[in-house]
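This report concerns only the one structure given below.
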Ligand SMILES: Cc1cc2nc3c(=O)[nH]c(=O)nc-3n(C[C@H](O)[C@H](O)[C@H](O)COP(=O)(O)O)c2cc1C
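Numbering (the working numbering), first residue to last: 150 to 457.
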């Protein structure tokens with residue numbers, strides 16, 4: 150599953166949903182993609198009430214489902230549900246810095262300062278499933294506690310297959326530059342580098358530091374072809390309009406128009422970012438609630454034919 154020098158699509162809550170992954174797949178059929186993070190509590194609870202109502206992942210190829218939580222038993226249950234739903238691997242979130250996750254629930258980034266709990270969760274999840282398990286973490290809790298190597302050692306000892314490392318601390322959130330350390334021989338687990346990676350030059354730099362892969366997050370926004378481009382599967386497309394229409398179509402199919410259209414506005418903003426007259430265009434789009442009208446405006450702006 151983990152091939153050397155691979156490009157990974159990062160988990161992005163509120164963004165890397167099924168329609169977004171589907172549009173990425175049209176350009177990169179093989180690259181490993183993460184889901185958005187999923188709460189083990191809500192997953193297990195919802196599954197109890199309505200097991201049929203769940204996303205399946207079998208049709209998505211190389212897909213890692215990311216879970217977060219602080220209860221080892223529930224994390225194991227969630228991992229089993231996702232394995233049964235066709236996930237290719239399970240990822241444990243050990244880096245989310247938002248207070249609701251890290252400080253109030255003891256999950257996400259909190260596991261970087263509670264290695265005992267981290268170990269308990271990793272062991273329970275690895276034992277619960279037959280598919281590979283990975284972790285995604287940061288350099289440490291803050292500048293005074295840059296102890297990612299200790300967590301990687303625990304992960305390696307517990308049978309985790311690989312890990313992703315974001316080159317910032319929890320305290321940094323998303324500010325300052327992501328600085329990835331060199332991977333030395335004492336690190337016993339394959340590591341994927343993450344943070345501010347946007348170009349093939351960035352990918353080469355990360356590889357030269359000893360990482361087995363590069364994980365791309367925000368750089369994919371408005372550029373669903375980027376993973377395909379960086380992995381050599383596709384060229385940058387010359388016509389963007391049809392791609393946006395297709396992405397919209399996937400959203401409409403999955404969510405229905407009432408939910409999809411407001412959700413799609415942020416994608417329109419990313420797709421149009423930096424284009425002339427994009428501010429006026431976005432103001433207009435933000436008032437549209439009808440799918441046909443939205444498609445018409447997209448076609449007008451990008452100069453393509455509507456497929457209505
Ligand atoms: C809007 C947003 C949502 C994110 N959601 C998640 C998430 O669900 N799970 C996770 O592990 N990281 C999440 N992250 C962190 C990213 O996966 C990634 O580590 C971070 O953005 C740095 O990579 P980049 O510079 O390539 O974006 C999120 C980041 C952003 C900006």
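The C-beta atom is built at its ideal place from N, Cα and C for all residues, glycine as well. Only a predicted model underlies this, so the values are computations on that prediction, with no experimental measurement involved.
So residue i is in the beta strand (DSSP E); what residue range does that whole segment cover?
i, result
"residue 364", "362-365"
"residue 312", "311-315"
"residue 342", "340-343"
Assuming residue i and residue j make a contact with CB atoms under 8 angstroms, what is their CB distance in whole Å?
i, j, result
"residue 237", "residue 213", "6 angstroms"
"residue 172", "residue 399", "6 angstroms"
"residue 365", "residue 376", "6 angstroms"
"residue 234", "residue 206", "5 angstroms"
"residue 245", "residue 255", "Residue 245 to residue 255, Cβ: 12 angstroms. No contact."
"residue 338", "residue 309", "6 angstroms"
"residue 326", "residue 346", "At roughly 12 angstroms, the Cβ-Cβ gap does not stay under 8 angstroms, so residue 326 and residue 346 are not in contact."
Distance, Cα to Cα, residue i vs residue j?
i, j, result
"residue 390", "residue 300", "44 angstroms"
"residue 357", "residue 433", "46 angstroms"
"residue 440", "residue 305", "49 angstroms"
"residue 293", "residue 319", "11 angstroms"
"residue 217", "residue 361", "24 angstroms"
"residue 226", "residue 450", "47 angstroms"
"residue 176", "residue 374", "5 angstroms"
"residue 443", "residue 411", "11 angstroms"
"residue 302", "residue 335", "9 angstroms"
"residue 427", "residue 446", "12 angstroms"
"residue 126", "residue 289", "Given a span of 150 to 457 for the chain in the structure shown, any question on residue 126 remains unanswerable."
So residue i is in the alpha helix (DSSP H); what residue range does that whole segment cover?
i, result
"residue 429", "427-434"
"residue 453", "Where residue 453 is concerned, there is no enclosing alpha helix (DSSP H), given that its DSSP letter is neither H nor E."
"residue 385", "Here residue 385 belongs to no alpha helix (DSSP H), and DSSP marks it neither H nor E."
"residue 419", "406-421"
"residue 132", "Outside the shown range of the chain, which is 150 to 457, sits residue 132, and nothing can be said about it."
"residue 375", "375-379"
"residue 353", "349-357"
How about residue i: is its C-beta nearer than 8 angstroms to some C-beta of chain D?
i, result
"residue 179", "Within the model displayed, chain D is absent; a lone protein chain is all it includes."
Is the separation between the beta-carbon of residue i and that of residue j shorter than 8 angstroms?
i, j, result
"residue 265", "residue 287", "no"
"residue 224", "residue 159", "no"
"residue 340", "residue 332", "yes"
"residue 240", "residue 323", "no"
"residue 168", "residue 396", "yes"
"residue 379", "residue 156", "yes"
What are the complete beta strand (DSSP E) segments, minimum 3 residues, inside the segment 156-232?
-> 182-188, 212-217
3 or more residues per run - each beta strand (DSSP E) lying fully within the segment 218-297 | You should have 238-243, 282-287.
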